[in-house]
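Below: one structure, written as structure tokens.
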Amino acid sequence: MSRERLRTGNLTELMSTHHVVGVTSNPTIFDKALAEGDAYDEQVRELAARGVSVEEAVRSITAYDIRWAADVLRPVHDSTNGVDGRVSLEVDPRLADDTERTVAEAKALWWLVDRPNLMVKIPATVAGLPAITQTLAQGISVNVTLIFSLERYRQVMDAFLKGMELARANGHDLSKIHSVASFFVSRVDTEVDKRLRQIGTQEALALVGKAALANARLAYEAHTEVFSSPEWLALAEQGARPQRPLWASTGVKDPAFEDTLYVTGLVARDTVNTMPQATLEATADHGRITGNTVLGTYEQSRDDFAALAGVGVELTDVFAVLEREGVDKFVDSWKSLLEALTAKLDELG
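FYI, the numbering for the sequence shown is 4 to 352, going by our numbering.
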């Protein structure tokens with residue numbers, strides 16, 4: 004997601020040639036986009052002339068891009084009855100541990116962008132869980148991000164169900180509220196495999212590259228359980244749409260792995276896969292999609308988890324480390340974005 008991708012028509016092209024049906028953003032993506040080229044200079048110059056604060060400038064710039072992308076994707080949104088054609092925008096990551104301010108920020112972004120195919124991204128931190136519920140209760144579509152563990156994913160699904168119950172009580176049309184749960188994949192292998200190599204035994208090294216797919220596949224099993232429950236079916240009768248699992252961080256970090264591993268290994272109904280450009284191109288070029296690659300894997304996935312515990316990998320600690328690192332990385336990118344934009348405002352003002 005970048006203005007360069009929008010103004011060159013690249014997003015429209017990818018929709019046509021690569022069947023892309025949505026885009027996402029986060030502080031890291033915006034920080035990188037602002038640093039490259041001159042796509043933002045005209046708007047920054049106008050913002051500087053108005054003397055706006057850097058915080059207001061960030062919101063103006065990001066909202067402009069998100070609205071543009073939402074308009075490009077609107078035909079997909081309309082033709083799929085709102086299921087696809089979605090664009091995601093993240094709340095300020097510095098609010099990850101503040102429920103009340105996260106909800107206020109989500110409402111402000113929903114109002115500012117003012118597009119029905121927006122999803123507001125909220126991290127699945129402890130404070131983020133009630134924020135997810137409260138935001139959905141306002142009729143706002145939510146992309147829950149930074150999910151790493153099965154335990155936290157079940158809490159996210161519970162927060163979603165509670166939010167939809169409240170939305171119904173508040174008189175919202177449940178069919179208009181959409182949500183995805185972004186379950187991070189490659190980072191799990193990166194952290195687990197580092198620990199396996201430190202252990203260094205033959206049994207440990209045999210498990211390299213197995214944790215991430217096992218984790219995601221068991222998450223899908225949990226999804227199928229929750230979204231066939233009586234609690235969910237009662238909401239579905241009122242028009243609610245299920246919260247779809249979204250496979251995030253699907254770019255392969257280890258060059259020893261197949262570059263489409265986290266795409267071809269996670270093919271299942273009612274899921275979303277957000278791919279970086281290189282992974283998208285690799286999948287289009289030589290990815291082999293042969294059918295569902297998740298069903299029938301649950302027992303093996305549980306065996307892989309048991310084997311990881313057996314060699315001394317403490318997955319609870321892995322997931323806690325990844326969540327905190329994920330928040331910290333986005334906060335660092337947000338701060339970098341503010342610093343870069345401050346410099347541009349000074350330069351072009």
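Ideal placement from N, C-alpha and C gives every residue a C-beta, glycine not left out.
Check this for me: beta carbons of residue i and residue j, under 7 Å apart or not?
| i | j | result |
| --- | --- | --- |
| F187 | Q246 | no |
| A214 | V191 | yes |
| A184 | I150 | yes |
| L210 | L199 | yes |
| Q241 | R171 | yes |
| R97 | V334 | yes |
| V147 | V159 | yes |
| G25 | R89 | yes |
| R48 | L351 | yes |
| G40 | E16 | no |
| D87 | V79 | yes |
| A127 | R155 | yes |
| T193 | K256 | yes |
| G299 | F260 | no |
| M167 | L264 | no |
For residue i, which of helix, strand or coil comes out of DSSP?
| i | result |
| --- | --- |
| K124 | strand |
| S339 | helix |
| N276 | strand |
| S232 | coil |
| V255 | coil |
| E16 | helix |
| Y43 | coil |
| P119 | coil |
| D95 | coil |
| Q241 | coil |
| K197 | helix |
| R62 | helix |
| G166 | helix |
| F322 | helix |
| N84 | coil |
| S304 | helix |
| M4 | coil |
| T136 | helix |
| R291 | coil |
| H226 | helix |
| G352 | coil |
| E261 | coil |
| G268 | coil |
| I32 | helix |
| S56 | coil |
| G212 | coil |
Per DSSP, residue i forms a beta bridge with which residues?
| i | result |
| --- | --- |
| T148 | P126 |
| P248 | A184 |
| G315 | According to DSSP, which records beta bridges pairwise, G315 is partnered with nothing at all. |
| G25 | R89 |
Since residue i contacts residue j with CB under 8 Å, what's their CB separation in whole angstroms?
| i | j | result |
| --- | --- | --- |
| A343 | D74 | Going by Cβ atoms, the distance from A343 to D74 rounds to 26 Å, so no, they are not a contact pair. |
| M122 | V145 | 6 Å |
| W250 | N276 | 5 Å |
| I125 | V94 | 6 Å |
| G85 | H21 | Rounded, the Cβ-Cβ distance is 22 Å, inconsistent with contact. |
| G294 | V266 | 14 Å between Cβ atoms; not a contact. |
| S189 | G254 | 6 Å |
| L348 | A60 | 6 Å |
| L177 | A243 | 4 Å |
| T31 | K332 | 7 Å |
Could one say the Cβ of residue i lies closer than 7 Å to chain D's Cβ atoms, at least one of them?
| i | result |
| --- | --- |
| Q246 | The structure shown has no chain D; it contains just one protein chain. |
With a threshold of 6 Å, establish whether the CB of residue i neighbours any heavy atom of the ligand ADP.
| i | result |
| --- | --- |
| R190 | Of the ligands one can find in the structure shown there are none, so the ligand ADP has no counterpart to examine. |
Between the segment 277-284 and the segment 115-125, are three or more C-beta pairs nearer than 8 Å? no
Quick test of the definition: if touching needs 3 or more C-beta pairs under 8 Å, does the segment 299-315 touch the segment 228-240? no
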